[in-house]
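Undergrad: The numbering of the sequence shown is my numbering, which starts it at 2 and goes up by one.
Note that the Cβ used here is the ideal one computed from N, Cα and C, for glycine as well.
Computed from a predicted model, the values in this text were never measured in an experiment.
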Amino acid sequence: MMEVKELSLYYKVLGLPVGASLDEVKRAFRRLALRYHPDISDRGSNAKYEEIVKAYYYLTRKAAVREVRYENEDKRKKLSEQAKEILNKLANKANRREKGLSISLLLDRLKSDNLYLRREVVRYLSNFSDDEALMALMNLLNDEDEEIVRMAIRALEKANFRSALPKFKALLLKSKSSDIKQMALNAMVRIGGEEVLKTLVSLLNHPAVEVRLAAVKGLVLLNDKKAIPSLIALLKVEQDVEVRSWIKRALEGWKEEEW
């Protein structure tokens, strides 16, 4: 209630009705500033001008926030409805077992500027195991939207898509999101195999501590005793306390006679 009263008072200072638009507030301020600024008007005063300035800054901030919020809400609603309509059509085609056509249409929709549609497309693509769909998901690992990247990682991991391993390594090294880095590491480990082992062992020599730590954690999860010599070698030179702790934890998990 206090905010409503404040708004009414500030609108009154500028001579405007409550709820006037941002443009109206700006025009009123310019008009009143010329009339009451103490440096350019005989009738001006510091107190009156400060009151006008205070009202202007308060109302422009509030109006801007409201307009952006309403604009975004309208945009989200419009885009979500559009995405739902398009994907319902695609789902109907899939239900008619027009599989190849459905994938083609989905891939085409990935070019859309509608983020909500693109996310839904990725969810649909995750249901296909075709190489075409999996390659499209792999290419999305470079997407600017982190939610799309997460969905792509999960789908490729589930499909055991080994071709994505180099992309997972790139995410582990370069992603700005710690969550995505962890997901990429987990995906590599769950796909497993000699290639993953070699990749993680090679990262033990990386100059960045966080990468070495991730590699050690990955090798612990991979639970492949072929990594033991490399872990022992790193332990002899590693200075970081956390990395050393994880190496010792890994080695203690394996019997000494197995080294």
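Out of N224, A48 and M184, state which residue places its alpha-carbon closest to the alpha-carbon of G194.
TA: The shortest Cα separation from G194 among N224, A48 and M184 belongs to N224.
Undergrad: Report all residues from its chain with a CB closer than 6 Å to the CB of R245; omit the five preceding and five following residues, and keep chain order.
TA: Taken in chain order, the residues that qualify are E239.
Undergrad: Between A251, H207, R155 and F129, which lies nearest to L174 when the distance is taken from Cα to Cα?
TA: Selected option, being the one with the closest Cα: H207.
Undergrad: Anyone know if the C-beta pair for L135 and F169 falls short of 7 Å?
TA: No; because the gap between Cβ atoms is not below 7 Å, this pair is not in contact.
Undergrad: Go through its chain and collect everything with a Cβ distance to I149's Cβ below 7 Å, but skip five positions before and after it.
TA: These residues qualify, in order along the chain: R119, R120, V123 and L141.
Undergrad: When the Cα atoms are used, what is the spatial distance from G254 to R213?
TA: The alpha-carbon atoms of G254 and R213 are separated by roughly 19 Å.
Undergrad: When DSSP labels each residue in this structure, what does A185 get in the three-state scheme?
TA: Note: A185 maps to helix in three-state DSSP.
Undergrad: Once you ignore the five residues that flank L172 on each side, which residues in its own chain have a CB closer than 7 Å to its CB?
TA: So the list reads L142, I181, K182 and A185, once near-sequence residues are dropped.
Undergrad: Count the other CB atoms within 10 Å of the CB of Y58; is the residue buried (16 or more) or exposed (fewer)?
TA: Its Cβ having fewer than 16 others within 10 Å, Y58 is exposed.
Undergrad: Whole angstroms is fine: what's the gap from Y11's alpha carbon to D40's?
TA: Going by the C-alpha atoms only, they are around 23 Å apart.
Undergrad: Assuming S231 and L205 make a contact with CB atoms under 8 Å, what is their CB distance in whole Å?
TA: Confirmed, Cβ separation roughly 6 Å.
Undergrad: Rounded to whole angstroms, what's the CA-CA distance from D114 to W247? Just pull it up for me.
TA: The straight-line gap from Cα to Cα measures roughly 44 Å.
Undergrad: Here's the rule: buried if 16 or more other CB atoms are within 10 angstroms of the residue's CB, otherwise exposed. What is R70?
TA: With a pLDDT of 49 at R70, under the threshold of 50, the modelled position of that residue is not reliable, and the figure given next carries that caveat. The residue is exposed, with fewer than 16 neighbouring Cβ atoms inside 10 Å.
Undergrad: Would you mind stating whether G219 and V190 have Cβ atoms separated by less than 7 Å?
TA: Yes, these two residues count as a Cβ contact at 7 Å.
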